[in-house]
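Input: a single structure, listed below in structure tokens.
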Amino acid sequence: MGLTIAIVAGEASGDVLGAGLIERLRQEYPEASFVGIGGPQMLAVGFESWEPMERLSVMGLVEVLGRLPELLALRKRLIQRLLEAKPAIFIGIDSPDFNLPVAARLKAQSIKTAHYVSPSVWAWRPKRIQKIIESVDLMLTLFPFEAAFYKDYPISVAFVGHRLADLIPVDETPTDQAKRLFSLPGDSPVIALVPGSRSGELKRMGPLFFEAAAIMLRSQPNLHFVVPAANELREQEINQQLYHHPELIGKVIVKCGALQSMVTAADAVLIASGTATLETLLLKKPMVVSYRVATLTACMMKRLLLKPFISLPNLLAQRKLVPEILQNAATPKRLARYTLQQMTDTTNRQALKKAYKDIHLTLKRDADTQAAAAIIEVLGR
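Taking the numbering used here, the leading residue of the sequence shown gets 1, the next gets one more, and so forth.
What follows is the structure in structure tokens.
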């Protein structure tokens with residue numbers, strides 16, 4: 001009988017990383033069982049998920065409180081089942097507030113542990129580093145500045161790059177080619193609206209983005225908009241919000257699971273801060289990044305924030321590469337103005353493409369193979 005390898009992914013982005021990691025690990029351990037919590041991409045490569053991944057998808061300090069009893073009960077069930085299964089290793093993918101306590105319990109029982117996607121200790125809440133040291137045998141980082149941060153602490157770290165940088169071509173895909181996929185007029189500008197993959201994000205950001213779209217359309221009547229939905233439920237929620245904007249009828253295409261093709265078809269992107277901003281960078285598109293969280297969450301984060309930026313493009317560039325419009329500053333009028341500027345400024349577009357390409361090449365490292373090799377090394381100790 002083969003090894004049991006436990007993995008917990010709480011987000012769609014983690015599901016992508018988990019699927020690639022499972023495929024590489026299965027080459028080394030063909031008889032291994034992969035169990036825990038994952039999404040459709042992990043399920044497609046033979047993963048056994050004990051709970052629906054959607055239950056872990058929650059963002060924000062205050063927002064978690066409303067679901068805390070449910071999350072604590074889920075974590076208790078998971079830990080008990082993992083202790084019974086005695087996996088060779090537990091790999092938490094992102095979702096650190098959920099996964100690190102699980103890892104700590106398992107490590108205390110001599111089960112090896114790894115964490116894939118560094119918590120943002122380099123940006124805020126630096127005191128978590130001690131908990132990471134106590135919980136994790138190996139940290140797998142997506143970005144080079146994260147690996148550099150951990151070198152000052154007694155924890156094994158491997159910079160593996162990002163799977164998306166391996167999957168997305170370094171050279172830009174022609175916009176016109178992507179527009180034809182959605183029967184969009186080749187001579188009309190297209191803006192992608194990406195208000196987030198979680199229900200809570202969509203409730204906060206969707207109305208802002210669609211009001212901004214209505215303002216942009218009044219300014220440029222030939223505009224078209226594309227809105228990728230993370231899943232069918234998000235697609236329904238998006239369409240419900242669009243119902244309040246009849247002026248956008250015939251100007252907006254909503255499609256499930258089409259983030260990359262829709263961003264490729266766009267001339268500019270208005271996007272909620274998150275992993276999708278990295279995909280937008282890798283697709284070489286100008287963007288405006290926005291975000292809103294509960295007021296108390298924002299106040300707490302502002303006090304603890306160590307970096308001047310929150311978006312991945314700016315963090316990776318270590319400078320202001322794209323506009324960030326956050327919290328109360330994120331008004332529909334301001335979002336519309338900045339997005340139109342990003343769409344029409346050709347000089348900025350060319351500068352962005354060069355900066356984006358440099359970042360892309362840094363992250364293109366065959367992340368699945370790198371991550372699997374680091375895990376195999378830990379298993380061999």
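Where a beta carbon is used, it is the ideal one built from N, C-alpha and C, also for glycine.
Scanning Y243, A212, A32, Y29 for the CA closest to the CA of A330 turns up A212. Within the model, the alpha-carbon separation for I133 versus E235 is close to 40 Å. Beyond the five residues adjoining it in sequence on each side, N328 comes within less than 6 Å, by CB distance, of no other residue in the same chain. Here F209 really is in contact with L270; their C-beta atoms are around 6 Å apart, less than 8 Å. For G36, no alpha helix (DSSP H) run applies; the uninterrupted beta strand (DSSP E) run containing it begins and ends at 33-38, by DSSP.
Under the DSSP assignment, Y356 falls in the alpha helix (DSSP H) whose first and last residues are 346-363. C-alpha of R365 to C-alpha of H244: approximately 45 Å in a straight line.
In terms of CA proximity to L340, P221 leads the group P221, L283, K353, G380.
Exclusion of the five residues before and after V263 leaves A192, V269, E279, T280, L283, K285 as the residues of its chain whose Cβ lies within less than 7 Å of its Cβ. Taking the Cα positions, Q318 is about 11 Å away from I310. Beta-bridge partners assigned by DSSP to T4: S33.
Short of 7 Å from the beta carbon of L3, and not among the five residues preceding or following it, lie these beta carbons of its own chain, in chain order: Y29, A32, A88.
V288 is positioned such that its CB atom lies closer than 8 Å to that of L335.
Sequence-distant Cβ neighbours of A44 in its own chain, meaning closer than 8 Å and more than five residues away, are A19. Beyond the five residues adjoining it in sequence on each side, A276 comes within less than 7 Å, by CB distance, of V194, L259 in the same chain, given in chain order. Taking every protein chain shown into account, the CB of L68 has fewer than 16 other CB atoms within 10 angstroms, so this residue is exposed. Within 10 angstroms of the beta-carbon of I249 lie fewer than 16 other beta-carbons, which makes it exposed.
Ranked by Cα distance from V378, the options M42, D358, I91, A266 are led by I91. Assignment of L193 by DSSP, reduced to helix, strand and coil, places it in the strand class. Around the C-beta of K354, fewer than 16 other C-beta atoms lie within 10 Å, and the residue is accordingly described as exposed.
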